[in-house]
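S.K.: There's a structure below that I have some questions on.
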Amino acid sequence: MKKDFYNEEIEDVYKRLETNINGLSEEEASNRLLKDGENKLTERKKKSNLALFLGQFNDIMIIILLIAAVFSMIISYVRKESYLDSIVIILIVLLNAILSFIQEKKADVAIQELNKMFITNNHVIRGGIKKNIDVRNIVVGDIIELEAGDYISADSRIISSDGFETNESTLTGESLSVKKSSDVLAGYKELYERSNMVFAGCNVTMGRALVVVTSTGMNTELGKIATSLIDKKSDITPLQKKINQISKVLTYIVIGVIFLMMIIGLLMKNDFFDVLMLSISLAVAAIPEGLSSIITIILSLGMSSMAKKNVIIRKMASVETLGSVDIICSDKTGTITQNKMLVRVIYADDKLYSETDNILNNKMLIRCASNCQNVYKNENIYMGDETEVAIYKYIEQINNEVVLDKRLKEYPFDSERKMMSTINEIEGKKYSFTKGSLDSVINNCSFYLANGKITPMSQEEKKKIFDIELKKSKESLRMLAFAYKDKEVDIPEENMIFLGLIGMMDPPRENVPNSIDICYKAGIKPIMITGDSINTGIAIAKAVNIIDDESLAIEGKYVDEMTDDELLEKIEKYQVYARVSPNTKLRIVEALQHLGYVVAMTGDGVNDAPAIQKADIGIGMGVTGTEVVKKVADCILVDDSFATIVDGVEEGRRITSNIKKVILYLLSGNLIEIILVFVSMLLNMEMFTTIQLLWINLVTDSIPAVMLSFEKTDSDVMSNNPIYCSNRSFFTPLLIARMVVSAIFKSIIMLILFLYYVKTQDVATAGSLMFIFLIVNELLFAFSCRNLKKSAINKNIFSNHRLTIGISVLALIQVLVLTTSFSKILIVDNISFKSILFILIICVIIFVIEELTKPIYVKLFKDYTEVKDEKK
0 MKKDFYNEEI
10 EDVYKRLETN
20 INGLSEEEAS
30 NRLLKDGENK
40 LTERKKKSNL
50 ALFLGQFNDI
60 MIIILLIAAV
70 FSMIISYVRK
80 ESYLDSIVII
90 LIVLLNAILS
100 FIQEKKADVA
110 IQELNKMFIT
120 NNHVIRGGIK
130 KNIDVRNIVV
140 GDIIELEAGD
150 YISADSRIIS
160 SDGFETNEST
170 LTGESLSVKK
180 SSDVLAGYKE
190 LYERSNMVFA
200 GCNVTMGRAL
210 VVVTSTGMNT
220 ELGKIATSLI
230 DKKSDITPLQ
240 KKINQISKVL
250 TYIVIGVIFL
260 MMIIGLLMKN
270 DFFDVLMLSI
280 SLAVAAIPEG
290 LSSIITIILS
300 LGMSSMAKKN
310 VIIRKMASVE
320 TLGSVDIICS
330 DKTGTITQNK
340 MLVRVIYADD
350 KLYSETDNIL
360 NNKMLIRCAS
370 NCQNVYKNEN
380 IYMGDETEVA
390 IYKYIEQINN
400 EVVLDKRLKE
410 YPFDSERKMM
420 STINEIEGKK
430 YSFTKGSLDS
440 VINNCSFYLA
450 NGKITPMSQE
460 EKKKIFDIEL
470 KKSKESLRML
480 AFAYKDKEVD
490 IPEENMIFLG
500 LIGMMDPPRE
510 NVPNSIDICY
520 KAGIKPIMIT
530 GDSINTGIAI
540 AKAVNIIDDE
550 SLAIEGKYVD
560 EMTDDELLEK
570 IEKYQVYARV
580 SPNTKLRIVE
590 ALQHLGYVVA
600 MTGDGVNDAP
610 AIQKADIGIG
620 MGVTGTEVVK
630 KVADCILVDD
640 SFATIVDGVE
650 EGRRITSNIK
660 KVILYLLSGN
670 LIEIILVFVS
680 MLLNMEMFTT
690 IQLLWINLVT
700 DSIPAVMLSF
710 EKTDSDVMSN
720 NPIYCSNRSF
730 FTPLLIARMV
740 VSAIFKSIIM
750 LILFLYYVKT
760 QDVATAGSLM
770 FIFLIVNELL
780 FAFSCRNLKK
790 SAINKNIFSN
800 HRLTIGISVL
810 ALIQVLVLTT
820 SFSKILIVDN
830 ISFKSILFIL
840 IICVIIFVIE
850 ELTKPIYVKL
860 FKDYTEVKDE
870 KK
């Protein structure tokens, strides 16, 4: 069994890769490039524009409308009548197809963005000569020189290094730079533990190193992530699932009723073409032709309102998906925390100080911290190790400036010593200053300085300091120890004088704890997934109220040991995941989705991309996010803040609630039309023409439906659980009751009126009056749909100014159409003002009855949003 490269001595690595310190020959490199291919990532095959466009017709409601249009054309041809009905239907279908095509064309280009990371050069040694080579031509066995600022283009084993550090946050999520060396590692190591390896997609932050390439292209760790992006199939969003449910229900109704109409019509010996035309009318009545376009408009408006809350929506359906979220899997660094290391605690003179306390009396500690760093400052830009920058800024804060003494020599940090030392000259005398891990520093200290007095270091003193360090580490602080000596400084790291500890952390954002509390009240479970250590994860999660019990946290390696069934059984227990790999993140998201949750996943690095793409809604970071993440994400946070996610969820819930109102508004009207068209066939009388039904569905209904999207957020929107869950039907009992009872009640009233006018006048006049009745009813019903549970009469009925203006304009249009030559197109006969006034009065009475009976609906029928306990 082959060892991993990090387990082997470098000479064994050379043998295995058939290379040496002088690198490959150009001939051998060319052969390997020909055999293995370029060092780049494979891109996904794309559909042609024609295939994408034709795919828009793969919808049962669209197919039914197209069949209706074809039959309408045949009937028009046979009877030598106008083709207007069929032309209008075809235009509607084409418009919806074009809108959907435009949206789908905005496909992600994540793999292209990953490949952009490979468009650079590296210094490669070939045949003993250093050359500047395009990274796409790098092959396994190449020897590469790396230094600060370089991009790492291939996974490689370190041959030698000097103060070498890399930033691997894009792969591992680890927020701090990782110190690297060539030391052989024993046993299996997680990606973040492979200190003698460097990985494609990462950057060199400090030092320099010589490395040998072990894998390129799709075989790198970055390539494995790219593979998951290519293989990932598009999952439908919660909104698409709901629209599919509506399509399915309407399809069953249309097919069933048309089949019934054909049988009854033939049994009644009605004219076949008359029955067929009624069937076409039924199809037009049943299918809300404007629904797709209206929802597109609503979501587009939602994108604009989201942007005002610092949420940039990339994929339109994500506007609604945010409102359905019941789990938020959030990265720690930058989203929950501030993404900057700050000094928070200082231990000196046997005391603990906060960052605001005055420690200027501890001059030697300040001097040691000032000299033991390599921060470069250019105006207000700081460059260097994150912890060193934090200490540098802290010293500037308390001392106005960082005083640097003359440096004579530096002993860089390495993974074996875990210390950094400098020798400096102060007023003609040499001093050595050391910083590093407490364990390494204190075990080389013979004394400690406290209150100006140097005292021999005892075991009791050591234990006290270790206890302080342990306690603070559990609070998410990274503790660094400092020491000095002023004698025998040429051997700097022995018999030192201990000075104290400085603790730093990436602190939580101030508004996050409140946002977490809002999540719990809203039935949303927050989960933190981090590449940092489990102690850091627990400390931050406790600080922001995600957890109060350490048993709710788990390391990624233990998740990896679970089978899929075990993970499904245990996953609801945990809310903090530490040291997770990209594949582990993906498994967590998939398991939660399998249990029926609507999952949001945040991230900024390449390592987050697969899970972000798999989540119901992937959220990328606008400030720290890589281009890859931004391309696969459904939405992007302008300020990277968790609180902004919660604001986005609130806005998404408003939009989702408004879509629900629109669905009620449109389908209730369609149900009335279905009932009346079917009954009119039984009566062998035409109540509505196809063009009249299209006018109502596309003109009368569309403007109020769009204006309903401007309804403001209900006061209790974040006090209830998510409006919909992925494993529940879109149609709640309350919604069904409102829709069905309203439609049946109005249909009965209209049928009575229709028969009355048929008897007292004629069928044409009766049909025209029912057309007007339906228009007036739809306009008034829009006000009723503003709130599913509360009466519109109890609130300011005209407070949605856009809806009021829209209905007023629409009413004026209807009057103009019905009183001009357009009435001939809509086949509306001359009718008396008295009849119209009577119809208006009846419609108002129906509206008032509906509003007064809303409390009865609420009492008898449940809405799922009210039945779900907190998941904390």
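Residue numbers (numbering that gives the first Met the number 0): 0 to 871. We treat Cβ as the ideally placed atom computed from N, Cα and C, and that holds for glycine. Computed from a prediction, not measured in an experiment: that's the story for all the values here.
When the Cα of K858 is compared with those of N719, N338, R15, L733, which residue comes out closest?
M.R.: The residue you call residue 858 lines up with position 859 of the sequence shown. With distances taken between Cα atoms, K858 lies closest to L733.
S.K.: When you compare the CB of L817 with every CB in chain D, is at least one pair closer than 7 Å?
M.R.: Included in the structure is just one protein chain, with no chain D present.
S.K.: Rounded to whole angstroms, what's the CA-CA distance from L752 to K745? Just pull it up for me.
M.R.: Numbered from its first residue, the sequence shown carries residue 752 at position 753. Numbered from its first residue, the sequence shown carries residue 745 at position 746. Spanning the two alpha carbons is a distance of roughly 11 Å.
S.K.: Expressed to the nearest angstrom, what Euclidean distance is found between the alpha-carbon atoms of D564 and I587?
M.R.: Indexing the sequence shown from 1 puts residue 564 at position 565. Indexing the sequence shown from 1 puts residue 587 at position 588. The alpha-carbon atoms of D564 and I587 are separated by roughly 12 Å.
S.K.: What three-state label does DSSP hand G264 in the structure shown?
M.R.: Against the sequence shown, residue 264 aligns to sequence position 265. DSSP places G264 in helix when its eight states are reduced to three.
S.K.: Go to F446, then tell me how far its alpha helix (DSSP H) extends in each direction, as first and last residue.
M.R.: Residue 446 sits at position 447 when you count from the first residue of the sequence shown. No alpha helix (DSSP H) holds F446; the beta strand (DSSP E) holding it covers 444 to 449.
S.K.: Is it buried or exposed for K314, if we count other Cβ within 10 angstroms and need 16 for buried?
M.R.: Against the sequence shown, residue 314 aligns to sequence position 315. Result: buried.
S.K.: Can you give me the C-alpha to C-alpha distance between K405 and N423, rounded to a whole angstrom?
M.R.: As a working note, residue 405 is residue 406 in the sequence shown. As a working note, residue 423 is residue 424 in the sequence shown. One C-alpha to the other measures close to 5 Å.
S.K.: In the DSSP assignment, what residue or residues form a beta bridge with F432?
M.R.: Counting from 1 along the sequence shown, the entry for residue 432 is found at position 433. T421, Y483.
S.K.: Kindly confirm or deny that the stretch 402 to 417 and the stretch 345 to 356 touch, where touching means at least three C-beta pairs closer than 8 Å.
M.R.: Contact fails: fewer than three Cβ-Cβ distances are below 8 Å.
S.K.: What number of angstroms, rounded off, separates the C-alpha of K584 from the C-alpha of I528?
M.R.: Taking the first residue of the sequence shown as position 1, residue 584 is located at position 585. Taking the first residue of the sequence shown as position 1, residue 528 is located at position 529. Approximately 8 Å between the Cα atoms of the pair.
S.K.: Identify the residues that DSSP records as bridge partners of R125: which are they?
M.R.: In the sequence shown, counting from the first residue as 1, residue 125 sits at position 126. DSSP lists I128 as partners of R125.
S.K.: Which value, in whole angstroms, describes the spacing of the CA atoms of E319 and S299?
M.R.: Within the sequence shown, the letter at position 320 stands for residue 319. Within the sequence shown, the letter at position 300 stands for residue 299. Approximately 11 Å, taken between the alpha carbons.
S.K.: Please state the DSSP three-state secondary structure of S532.
M.R.: In the sequence shown, counting from the first residue as 1, residue 532 sits at position 533. The answer is coil: DSSP assigns S532 none of H, G, I, E or B.
S.K.: Just to confirm, are T874 and T169 a CB contact at a threshold of 7 Å?
M.R.: There is simply no residue 874 to check, as the chain begins at 0 and stops at 871 in what is shown.
S.K.: Between which two residues does the beta strand (DSSP E) carrying S159 extend?
M.R.: The residue given as residue 159 occupies position 160 in the sequence shown. Where S159 is concerned, the enclosing beta strand (DSSP E) stretches over 154 to 166.
S.K.: So, is Q396 buried or exposed, given that buried needs 16 or more other C-beta atoms within 10 angstroms?
M.R.: By 1-based counting over the sequence shown, the position of residue 396 is 397. Q396 is exposed by the Cβ-count criterion.
S.K.: With distance defined between alpha-carbon atoms, name the residue in K129, A306, L23, S152 nearest to C634.
M.R.: For the purposes of this step, residue 634 is identified with residue 635 of the sequence shown, where counting begins at 1. Measuring from the Cα of C634, the nearest candidate turns out to be A306.
S.K.: Beta-carbon separation of E468 and L498 under 7 Å?
M.R.: Walking along the sequence shown from the start, residue 468 turns up at place 469. Walking along the sequence shown from the start, residue 498 turns up at place 499. In this structure, L498 does not lie closer than 7 Å to E468 by Cβ.
S.K.: Determine whether the beta carbon atoms of S176 and E164 lie at a separation below 7 Å.
M.R.: Reading the sequence shown from its first residue, position 177 is the one you call residue 176. Reading the sequence shown from its first residue, position 165 is the one you call residue 164. In this structure, E164 lies closer than 7 Å to S176 by Cβ.
S.K.: Could you give the distance in angstroms between the alpha-carbon of L802 and the alpha-carbon of L692?
M.R.: Here residue 802 refers to the residue found at position 803 when the sequence shown is read from its first residue. Here residue 692 refers to the residue found at position 693 when the sequence shown is read from its first residue. Going from the Cα of L802 to the Cα of L692 covers about 22 Å.
S.K.: Helix or strand or just coil, what does DSSP make of K331?
M.R.: Translated into the one-based positions of the sequence shown, residue 331 becomes position 332. K331: coil per DSSP, three-state reduction.
S.K.: How many angstroms separate the CA atom of N494 from the CA atom of C371?
M.R.: The residue you call residue 494 lines up with position 495 of the sequence shown. The residue you call residue 371 lines up with position 372 of the sequence shown. If you take the alpha carbons of N494 and C371, they lie about 18 Å apart.
S.K.: Between K2 and E220, what straight-line distance do the alpha-carbon atoms span, to the nearest angstrom?
M.R.: For this step, residue 2 is matched to residue 3 along the sequence shown. For this step, residue 220 is matched to residue 221 along the sequence shown. In a straight line, the C-alpha of K2 is about 17 Å away from that of E220.
S.K.: Along the chain, which unbroken stretches of the alpha helix (DSSP H) at least 4 residues long are found entirely within the stretch 487 to 564?
M.R.: With a minimum length of 4 residues, the continuous alpha helix (DSSP H) runs that stay inside the stretch 487 to 564 are 511 to 520, 533 to 542, 555 to 559.
S.K.: Helix, strand or coil: which one does DSSP assign to L351?
M.R.: Residue mapping note: residue 351 aligns to position 352 of the sequence shown, counting from 1. If DSSP states are grouped into helix, strand and coil, L351 belongs with the strands.
S.K.: Do M503 and V342 have their beta-carbon atoms positioned less than 7 Å apart in this structure?
M.R.: Stepping through the sequence shown from its first residue, residue 342 is reached at position 343. Stepping through the sequence shown from its first residue, residue 503 is reached at position 504. Their beta carbons are under 7 Å apart, which means V342 touches M503 by this criterion.
S.K.: Counting C-beta neighbours from all protein chains within 10 Å, is the total for N799 16 or more, i.e. buried, or is it exposed?
M.R.: Position 800 of the sequence shown, counting from 1, holds the residue named residue 799. N799 should be labelled buried.
S.K.: Taking its Cβ as the centre, do 16 or more other Cβ atoms sit within 10 Å of K452, making it buried, or is it exposed?
M.R.: Working through the sequence shown from its first residue, we reach residue 452 at position 453. Exposed, since its Cβ has fewer than 16 Cβ neighbours within 10 Å.
S.K.: Between which two residues does the alpha helix (DSSP H) harbouring C371 extend?
M.R.: Here the question's residue 371 lines up with position 372 in the sequence shown. It is not in any alpha helix (DSSP H) - C371 carries neither H nor E in the DSSP assignment.
S.K.: In the DSSP assignment, the alpha helix (DSSP H) including N361 goes from what residue to what residue?
M.R.: In the sequence shown, counting from the first residue as 1, residue 361 sits at position 362. Run containing N361: none; DSSP gives neither H nor E here.
S.K.: Using only the alpha-carbon positions, how far apart do S85 and G668 sit?
M.R.: Counted from its first residue, the sequence shown places residue 85 at position 86. Counted from its first residue, the sequence shown places residue 668 at position 669. Cα to Cα, the separation comes out at about 22 Å.
S.K.: Alpha carbon to alpha carbon, what distance is there between T226 and I804?
M.R.: The count along the sequence shown starts at 1 and reaches residue 804 at position 805. The count along the sequence shown starts at 1 and reaches residue 226 at position 227. In a straight line, the C-alpha of I804 is about 52 Å away from that of T226.
S.K.: Which residue from E650, K629, I747 puts its Cα closest to that of I919?
M.R.: Since the first residue shown for the chain is 0 and the last is 871, residue 919 is missing from the structure and cannot be characterised.
S.K.: Based on DSSP bridge pairs, tell me the residues matched to K405.
M.R.: If you number the sequence shown from 1, residue 405 lands on position 406. According to DSSP, which records beta bridges pairwise, K405 is partnered with E424.
S.K.: Going by other Cβ atoms of all chains shown within 10 Å of its Cβ, with 16 needed for buried, is K362 buried or exposed?
M.R.: Position 363 of the sequence shown, counting from 1, holds the residue named residue 362. K362 is exposed by the Cβ-count criterion.
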